[in-house]
Amino acid sequence: MKALILVGGFGTRLRPLTLTLPKPLVEFCNKPMILHQIEGLVKVGVTDIVLAVNYRPEIMVSLLKKYEEKFNVKITFSVETEPLGTAGPLALARDILGKDISPFFVLNSDIICEFPFEQLRDFHNSHGNEGTIVVTKVEEPSKYGVIVNHLDSTCIQRFVEKPVEFVSNKINAGIYIFNPAILDRIELKPTSIEKEVFPKMATDSQLHAFELEGYWMDVGQPKDFLTGTCLYLSNLAKKQPNLLANSACDYVYGGNVLVDPTAKIGKDCRIGPNVTIGPNVIIGDGVRLQRCVILEGARVKDFAWVKNSIVGWHSILGRWTRLEGVSVLGDDVTVNDEIYVNGGCILPHKSISTNITEPQIIM
Ligand code: GDD
Ligand code: MG
Numbered sequence: 001m002k003a004l005i006l007v008g009g010f011g012t013r014l015r016p017l018t019l020t021l022p023k024p025l026v027e028f029c030n031k032p033m034i035l036h037q038i039e040g041l042v043k044v045g046v047t048d049i050v051l052a053v054n055y056r057p058e059i060m061v062s063l064l065k066k067y068e069e070k071f072n073v074k075i076t077f078s079v080e081t082e083p084l085g086t087a088g089p090l091a092l093a094r095d096i097l098g099k100d101i102s103p104f105f106v107l108n109s110d111i112i113c114e115f116p117f118e119q120l121r122d123f124h125n126s127h128g129n130e131g132t133i134v135v136t137k138v139e140e141p142s143k144y145g146v147i148v149n150h151l152d153s154t155c156i157q158r159f160v161e162k163p164v165e166f167v168s169n170k171i172n173a174g175i176y177i178f179n180p181a182i183l184d185r186i187e188l189k190p191t192s193i194e195k196e197v198f199p200k201m202a203t204d205s206q207l208h209a210f211e212l213e214g215y216w217m218d219v220g221q222p223k224d225f226l227t228g229t230c231l232y233l234s235n236l237a238k239k240q241p242n243l244l245a246n247s248a249c250d251y252v253y254g255g256n257v258l259v260d261p262t263a264k265i266g267k268d269c270r271i272g273p274n275v276t277i278g279p280n281v282i283i284g285d286g287v288r289l290q291r292c293v294i295l296e297g298a299r300v301k302d303f304a305w306v307k308n309s310i311v312g313w314h315s316i317l318g319r320w321t322r323l324e325g326v327s328v329l330g331d332d333v334t335v336n337d338e339i340y341v342n343g344g345c346i347l348p349h350k351s352i353s354t355n356i357t358e359p360q361i362i363m
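Take 1 as the starting number for the sequence shown in the UniProt record's numbering and just add one per residue.
This is how it looks when you write it as C-alpha cells:
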C-alpha cells in the first residue's frame, strides 16, 4: 500500500520549536511526530511513503533515510517549489499514488491518535466510493473542518472548513484513504483539499466518514501539544504501562511519566502527572515537574518548578526557577537562577535574567 504525509507548512503555531526543527521532527512523547505515523503505516503494510514537503527538506532527509532501512519501506520526498496546499501535493505525487489501482492513505503530519489504518482500509473497501475521512468529536469545532452526514448513513453530505457558525461537532481528524480516482479532481496548483475538493466529493456522494475511537489531538500548537501529551500518556498507562516510569519509583507522582533511559534524575524530586523527559536530560535535586515536556539534552537545576510548559532542546533552567502558563523555551535557552516565567515564548539561544510575568514573545 501507499501513503502520503502532508509535511509542508512552516509550523508557525509551534514556534519557537519549529525555528529549530520542522514540525514533523519535533519529538512528541520522545519520538519525532512523524515516526508515530510511519510506524502505524508500516504496521498495516504500507511500503511506499511520500513526504510532501515545502520547507527545509534537507534536515529531514538523513533522519528519514534511517527509517527507510529500519522499517524496510520506501520514503520519497516530494518537494514543492511553492506551497501547494493540502491537495496540490497529491497531484505532484501522482506518479506514485496513481501507479496502481489500490487506495492510498493521506495524513496531516501534526495529529496524534491510535491510528486505525487497518479498520479504515476495510471500511473504505466496503463502501466502494472514492474517499473516506476519519472523523472525531470535539467541543470547539470552529478551528477544524466540520462534517455533516446524510441521515443514518456514513456518507458525508457537507464538509465545511473552519465554520464561522456552528454546523456540527464532528470534525475531520486529518486522516484519509482515497482511490486513485480522486487524482482526476486535483490539478497541479495550490489547492485546499478541505475547501476545494471535499465539498465537491460530498455533493457527488463520494465521501464517507469513519468514526475514530479513543483519543485524538492536533498537536500543532503548544497548548494542544501539552493536552495531546496528557492524552497519549493516559492511553499508554492503560495499554502499555511498562513503557512508563514505574509508579513505585520514588520521584513519580500521580503517574503518566515517560522518561528516556539516558536521562538522569536527582534526589527528592516530584515528577508527574503527565511529564515526558527526553534523552540526556539532567534533572537536579528537589525539582517539581508537572504537565510538561522536557526535550533532549535540557538541564533543569535544583529546586526548579515547571508546570504546563515545554523546555526546548539543550535549554538550561536555573536553580529555583519557576515556569508555567504554557511557556515554551526554544533550543538552547538559558533561564537564570530564581527567575519566574509565565507564558513566555522564548526564541532559541536567548538568556533570560528578568522575570516574565505576562505571556509574551522574547526575541
Ligand atoms: N506539503 C504541504 N504543502 N503540506 C501542507 C501545506 C502545503 O502547502 N500546507 C499545509 N500543509 C500540511 C501541514 O503541515 C499539516 O500537516 C496539514 O497540511 C494540515 O495543515 P494545518 O495547517 O495543520 O491545518 P489545520 O490544522 O489548520 O487544519 C487541518 O487539520 C485539521 C485537523 O487537525 C484541516 O485538515 C482540518 O480540516 C482538520 O480538521
Ligand atoms: Mg494542524
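In this text, a Cβ means the ideal position worked out from N, Cα and C, and glycines have one as well.
Q) Does any heavy atom of ligand 1 sit closer than 7 Å to the C-beta of Thr86? A) Locating residue 86 in the sequence shown gives position 86, where the first residue counts as 1. Yes, the Cβ of Thr86 comes within 7 Å of a heavy atom of ligand 1.
Q | Short Cβ contact (8 Å threshold) for Ile186 with Thr86 | A | For this step, residue 186 is matched to residue 186 along the sequence shown. For this step, residue 86 is matched to residue 86 along the sequence shown. Not closer than 8 Å, so no.
Q: Collect the residues with a C-beta less than 5 Å away from any heavy atom of ligand 2 and give them in sequence order along the chain.
A: Qualifying residues, in the order they occur: Asp110, Asp218, Gly220.
Q: Give the C-beta separation of Phe117 and Leu41 to the nearest angstrom, bearing in mind that I take them to be a contact with Cβ-Cβ under 8 Å.
A: Walking along the sequence shown from the start, residue 117 turns up at place 117. Walking along the sequence shown from the start, residue 41 turns up at place 41. Contact check for Phe117 and Leu41: beta-carbon distance about 7 Å, within the 8 Å limit, so the pair qualifies.
Q) Are Asp337 and Ser315 close, meaning C-beta to C-beta below 8 Å? A) To locate residue 337, count along the sequence shown from 1; it is residue 337. To locate residue 315, count along the sequence shown from 1; it is residue 315. The beta carbons of Asp337 and Ser315 sit no closer together than 8 Å.
Q | Ile147 beta carbon less than 8 Å from that of Phe159 | A | By one-based count along the sequence shown, residue 159 stands at place 159. By one-based count along the sequence shown, residue 147 stands at place 147. With respect to the 8 Å criterion, Phe159 and Ile147 are classified as neighbours on the basis of their beta carbons.
Q. Would Leu4 pass as a contact of Val79 if the rule is Cβ separation under 8 Å?
A. Here residue 4 is taken as the residue at index 4 of the sequence shown, counted from 1. Here residue 79 is taken as the residue at index 79 of the sequence shown, counted from 1. No, these two residues do not count as a Cβ contact at 8 Å.
Q) So, helix, strand or coil for Lys238, using DSSP? A) For the purposes of this step, residue 238 is taken as the residue at position 238 of the sequence shown. The answer is helix: DSSP assigns Lys238 an H, G or I state.
Q) Terminal residues of the continuous alpha helix (DSSP H) containing Ala202? A) Position 202 of the sequence shown, counted from the start, is the residue given in the question as residue 202. Looking at the DSSP string, the run of the alpha helix (DSSP H) that includes Ala202 is 198 to 203.
(Q) Ignoring anything shorter than 4 residues, give me the alpha helix (DSSP H) runs that lie fully in the region 46 to 102, in order along the chain. (A) Within the region 46 to 102, the complete alpha helix (DSSP H) runs of at least 4 residues are 57 to 71, 88 to 92, 94 to 97.
Q. Since Met60 contacts Asp110 with CB under 8 Å, what's their CB separation in whole angstroms?
A. For the purposes of this step, residue 60 is taken as residue 60 along the sequence shown, with counting starting at 1. For the purposes of this step, residue 110 is taken as residue 110 along the sequence shown, with counting starting at 1. Not a contact, Cβ separation roughly 15 Å.
Q: Assess, as a yes-or-no matter, whether the region 260 to 276 is touched by the region 285 to 296 under the definition of 3 or more beta carbon pairs within less than 8 Å.
A: Yes, they touch.
(Q) Taking the beta carbon of Ala248 as the centre, do at least 16 other beta carbons fall within 10 Å, making it buried, or is it exposed? (A) For the purposes of this step, residue 248 is taken as residue 248 along the sequence shown, with counting starting at 1. Here Ala248 is exposed. Its C-beta has fewer than 16 other C-beta atoms within 10 Å.
Q.
Below 7 Å, is the gap between the Cβ of Tyr144 and the nearest heavy atom of ligand 1?
A. Stepping through the sequence shown from its first residue, residue 144 is reached at position 144. At least one heavy atom of ligand 1 lies less than 7 Å from the C-beta of Tyr144.
Q) Within 10 angstroms of its Cβ, does Met363 collect 16 or more other Cβ (buried), or is it exposed? A) Locating residue 363 in the sequence shown gives position 363, where the first residue counts as 1. Exposed, since its Cβ has fewer than 16 Cβ neighbours within 10 Å.
Q: Round the Cβ separation of Leu329 and Val311 to the nearest angstrom and send it over; I've been treating them as touching at under 8 Å.
A: Residue 329 sits at position 329 when you count from the first residue of the sequence shown. Residue 311 sits at position 311 when you count from the first residue of the sequence shown. That pair is a contact at about 5 Å.
Q: Quick one: residues in its chain with C-beta nearer than 8 Å to the C-beta of Thr20, no 5 flanking neighbours on either side, listed in chain order?
A: The residue given as residue 20 occupies position 20 in the sequence shown. Excluding the 5 residues flanking it on each side, Thr20 has same chain C-beta neighbours closer than 8 Å at Gly312, Trp313, Gly330, Asp331, Pro348, in chain order.
Q. Opposite Glu324 in the DSSP bridges: which residues?
A. Here residue 324 refers to the residue found at position 324 when the sequence shown is read from its first residue. The beta-bridge partner set that DSSP reports for Glu324 consists of Asn342.
Q. Cβ of residue 446 within 7 Å of any heavy atom in ligand 1?
A. Since the first and last residues shown for the chain are 1 and 363, residue 446 lies out of range.
Q.
Can you tell me whether Asn274 is buried or exposed? The criterion is at least 16 other CB atoms within 10 Å of its CB, across all chains shown.
A. Numbered from 1 along the sequence shown, position 274 holds the residue referred to as residue 274. Buried.
Q: Provide the residue span of the alpha helix (DSSP H) that contains Asp122, from first to last.
A: Within the sequence shown, the letter at position 122 stands for residue 122. 117 to 127 is the extent of the alpha helix (DSSP H) around Asp122.
Q) Could you give the residue range of the beta strand (DSSP E) that holds Gly174? A) Counting from 1 along the sequence shown, the entry for residue 174 is found at position 174. Residues 170 to 178.
Q) When every heavy atom of ligand 1 is checked, does at least one fall within less than 7 Å of the C-beta of Ile156? A) Here the question's residue 156 lines up with position 156 in the sequence shown. A distance criterion of 7 Å places the beta-carbon of Ile156 beyond contact range of ligand 1, judged by its closest non-hydrogen atom.
Q: Could you check if Val134 is buried or exposed, using at least 16 other CB atoms within 10 Å of its CB as the buried criterion?
A: Position 134 of the sequence shown, counting from 1, holds the residue named residue 134. Residue environment: Val134 is assigned as buried (16 or more neighbouring CB atoms within 10 Å of its CB, all protein chains considered).
Q.
What would DSSP say about Cys292, mapped onto helix, strand or coil?
A. The sequence position of residue 292 within the sequence shown is 292, counting from 1. Note: Cys292 maps to strand in three-state DSSP.
Q: Report yes or no: do the region 171 to 191 and the region 135 to 145 share at least 3 C-beta pairs separated by less than 8 Å?
A: The region 171 to 191 makes contact with the region 135 to 145; the number of CB pairs closer than 8 Å reaches 3 or more.
(Q) When you measure from the CB of Val148 to every non-hydrogen atom of ligand 1, does any distance come out below 7 Å? (A) Working through the sequence shown from its first residue, we reach residue 148 at position 148. Flag unset: Cβ of Val148 not near ligand 1.
Q. Which word fits Ile101, buried or exposed, when buried means at least 16 other C-beta atoms lie within 10 angstroms of its C-beta?
A. Walking along the sequence shown from the start, residue 101 turns up at place 101. Looking at its Cβ environment, which holds fewer than 16 other Cβ atoms inside 10 Å, Ile101 is exposed.
**Q.** Three-state secondary structure assigned by DSSP to Phe10
**A.** Taking the first residue of the sequence shown as position 1, residue 10 is located at position 10. It is coil, neither helix nor strand.
Q) In the structure shown, what three-state DSSP assignment does Phe105 receive? A) Along the sequence shown, read from residue 1 onward, the residue named residue 105 stands at position 105. In the structure shown, Phe105 sits in a strand (DSSP, three-state: E or B).
Q | Cβ neighbours of Ile112 in the same chain (closer than 7 Å, five flanking residues each side left out) | A | The residue given as residue 112 occupies position 112 in the sequence shown. Closer than 7 Å at the Cβ level, and outside the excluded window around Ile112, lie Phe28, His36, Met217, Val219, Gly228, Tyr232.
**Q.** Residue environment, Lys189, which counts as buried when at least 16 other CB atoms sit within 10 Å
**A.** In the sequence shown, counting from the first residue as 1, residue 189 sits at position 189. Flag for Lys189 reads exposed.
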